[in-house]
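Asker: Protein chains in written order, with this note's numbering: chain A, 258 to 506; chain B, 19 to 407.
(1) Just to make sure I have the definition right: I need the residues of chain D whose C-beta is within less than 7 Å of the C-beta of residue 484 of chain A. Which are they?
(2) Provide the residue span of the beta strand (DSSP E) that contains residue 52 of chain B, from first to last.
(3) Nearest by alpha-carbon distance to residue 405 of chain A: which of A/311, A/305, A/447 and A/385 is it?
(4) If we define contact as Cβ-Cβ less than 8 Å, is residue 41 of chain B a contact residue for chain A?
(5) Just to confirm before moving on: does the CB-CB distance between residue 80 of chain B and residue 87 of chain B stay below 8 Å?
(6) Name the chain B residues that come within less than 9 Å of residue 497 of chain A, Cβ to Cβ?
(7) Go through the region 158-234 of chain B residue by residue and report every complete run of the alpha helix (DSSP H) that reaches 4 residues or more, in order.
(8) Which residues does DSSP list as the beta-bridge partners of residue 515 of chain A?
(9) Measuring alpha carbon to alpha carbon, tell me which of B/330, B/85, B/96 and B/291 ends up nearest residue 60 of chain B.
(10) Check each candidate in B/130, B/351, B/285 and B/381 and name the one with the smallest Cα separation from residue 152 of chain B.
(11) What is the rounded straight-line gap between the Cα of residue 362 of chain A and the Cα of residue 438 of chain A?
(12) I'd like to check one pair, residue 149 of chain B with residue 447 of chain A: are the Cβ atoms closer than 8 Å?
(13) So for residue 435 of chain A, helix, strand or coil by DSSP?
(14) Taking DSSP as the reference, what is the three-state secondary structure of residue 452 of chain A?
(15) I'd like to know if residue 444 of chain A contacts chain B, where contact means its C-beta is closer than 8 Å to some C-beta of that chain.
(16) Taking DSSP as the reference, what is the three-state secondary structure of residue 278 of chain B?
(17) Are the C-beta of residue 502 of chain A and some C-beta of chain B separated by less than 8 Å?
(18) For the region 350-383 of chain A, list every residue whose C-beta sits within 8 Å of some C-beta in chain B, in sequence order.
(19) Whole angstroms are fine: how far does the CA of residue 216 of chain B sit from the CA of residue 403 of chain B?
(20) What does the alpha-carbon distance come out to for the pair residue 123 of chain B and residue 268 of chain B?
(21) At a cut of 8 Å, does the region 43-56 of chain B reach the region 273-281 of chain B through at least three beta carbon pairs?
(22) By a C-beta neighbour count over all protein chains shown, 10 Å radius and 16 as the cutoff for buried, is residue 342 of chain B buried or exposed?
(23) On the three-state DSSP scale, how would you describe residue 296 of chain A?
(24) Using the C-alpha atoms, what's the distance from residue 318 of chain A back to residue 325 of chain A?
(25) If you count every other CB in all the chains shown that lies within 10 Å of the CB of residue 214 of chain B, and 16 or more means buried, which is it?
(26) Is DSSP giving residue 346 of chain A helix, strand or coil here?
(27) What is the residue span of the alpha helix (DSSP H) that residue 114 of chain B lies within?
(28) Quick check on this structure: which residue in A/377, A/323 and A/501 has the alpha carbon closest to the alpha carbon of residue 488 of chain A?
(29) Using alpha carbons as the reference points, say which of A/450, A/441, A/397 and A/482 lies closest to residue 407 of chain A.
(30) DSSP beta-bridge partners for residue 350 of chain B?
(31) Report the partner residues of residue 464 of chain B according to the DSSP bridge assignment.
(32) Whose C-alpha, out of B/190, B/63 and B/351, is nearest the C-alpha of residue 283 of chain B?
(33) Could you tell me the boundaries of the beta strand (DSSP E) in which residue 426 of chain B lies?
(34) If we define contact as Cβ-Cβ less than 8 Å, is residue 491 of chain A a contact residue for chain B?
(35) Just to confirm the assignment, what range does the beta strand (DSSP E) spanning residue 40 of chain B have?
(36) Residue 37 of chain B touches chain A at which residues, Cβ-Cβ below 8 Å?
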């Protein structure tokens, strides 16, 4: 089936950005086997639940573990026996989103290129420090204030006023990569910014099952961050209602 | 401070809440001296606008005095008396720069709701649900005004709040309704709804060159006001067949321009009323489009329909065939107040229009819940209640 290719940047068309995999994010069950596991597991749970005896309970439990194996792509037995049917399957989550910003391209690019600015519109970031011409150190907040994750990243592409791409270094808490294309909007309507953010699920979320469940939230976050970027550039601030009065108890 | 909070369908309460503070450089804090109810608030009360949260302060049409300004506010200082547009515009996005302020890209703090519901999110509005930004409203002693340099306007000296407060919303909305009509000299303009916005639309239509205005409502007191203050000819839709009457009154041509100043809770007569009421109650349609249907049928061929009554979602039995074949022009939108307010303040200062006649009841904020009850039930010939904190 043909799908509409919305990518603005030539580079994005030819080379899919991909954060390096450092081991924590591998899956060891192949796609077909995962589908079979999930469907088989679901059937076993269904028949197991209909029987109200010990056999039924056992069926349901076994079905449940098959569903887990199918959904997460991780099988502890495969892990123990060194079996891996997954091959080189890519489980990186990748979100692409565009916005038009009513400012000149050079200004929009320069604001993003100043990586220290990123936490001003990326709500999950606490701090970004430029360490050298290409290298930077990133600190991100975990949800509900349970701590932070940190990594170093390198700029892997830098074309002034046109394109920025970065990639975390191997061994990061979260393997991630990003690419932002800056294009003049037709008819002097400012700058189209297209951001692609990609990450591999962290250790503990084997195979990305949980990350995929969280994908809509991640997509929402990327969109919110881009909107905040636009608000900041067009108005100098990010409108908020946090801290305003209400009668909520 | 004291504030009127929404706590559920038809459940308003006056509560003690913290005072607002500056949250962003372009914010100002305004001490509210007068704040008006608005017909669109009734959609909140009746539960037709989702994303209200218990405790939200409502109210969006107000006048007051600047008591504090953020570091980015250039036009105002403490003590300035200002009227504030109900719709919040940033002044920096392409839509604001095109003077289409209610389409602002940036003032809505939660664009994800309307991105889904409307395709693209529109501007933030004071006290009008979290889909429209979740901003605290004006039925309070103080209010935070974001992008104050854009949304607030110094008022001419020597005029009372009563004459100026409606320049916040009712007057610019009515004026925009007439402006969108593209009135040509001598045109006949029909206005459905004779509440505050409808009354202002009548006056504005004449200001913009209408030869004749016909006002339609069912409340005799409102029609009386339209006749006396607005110099409109009036039709009570419970007493006459509006389509017949409009046709007769315009020599068989139909009105050139039609204004819907009613919106999603329109009333009509007979079976149609019950049909839409049932479907709306069951949430099969979210608006009762009786006015729209009638205006499409009534409008002359090649005429214009201007819609400022608020709609939120889906309509049913929409007569697209007549609209298409008669080549009607549809114009609509929430008010772009920032575009009109300076001009309207001049009009009020020059005495061409004194909007204070739409104010029928002046109460204290403590009487907020009763005020809305009266406004909703339209008892005591109530057209607009204003609160003075």
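C-beta: ideal position from N, C-alpha, C; glycine also.
Answerer: The answer reads as follows:
(1) Of the protein chains in the structure, A and B, none is chain D.
(2) 46-54
(3) It is A/385.
(4) yes
(5) With respect to residue 87 of chain B, residue 80 of chain B sits apart: the two C-beta atoms are not nearer than 8 Å.
(6) 41, 42, 127 and 164
(7) 166-169, 179-182, 188-199 and 214-225
(8) This structure does not reach residue 515 of chain A, given that chain A is present from 258 up to 506, and the question cannot be answered.
(9) B/330
(10) Scanning B/130, B/351, B/285 and B/381 for the CA closest to the CA of residue 152 of chain B turns up B/130.
(11) 10 Å
(12) no
(13) strand
(14) strand
(15) Chain B, which has no Cβ nearer than 8 Å to the Cβ of residue 444 of chain A, makes this no.
(16) strand
(17) yes
(18) 357 and 359
(19) 16 Å
(20) One alpha carbon belongs to residue 123 of chain B, the other to residue 268 of chain B, and they sit about 42 Å apart.
(21) no
(22) exposed
(23) helix
(24) 11 Å
(25) buried
(26) Since pLDDT at residue 346 of chain A reaches only 48, below the 50 mark, its modelled position is unreliable, and no value is offered.
(27) 112-115
(28) Selected option, being the one with the closest Cα: A/377.
(29) The residue with the shortest Cα to Cα distance from residue 407 of chain A is A/397.
(30) DSSP, once it has assigned bridges, lists B/325 as partnering residue 350 of chain B.
(31) For residue 464 of chain B there is no data in the structure shown, the boundaries of chain B being 19 and 407.
(32) B/63
(33) Absent from the model: residue 426 of chain B. The displayed extent of chain B is 19 to 407, so no value can be given.
(34) yes
(35) Careful: residue 40 of chain B lies outside any beta strand (DSSP E) and carries neither H nor E.
(36) Neighbours of residue 37 of chain B in chain A, taken as residues whose beta carbon is under 8 Å from its own, are 502 in chain order.
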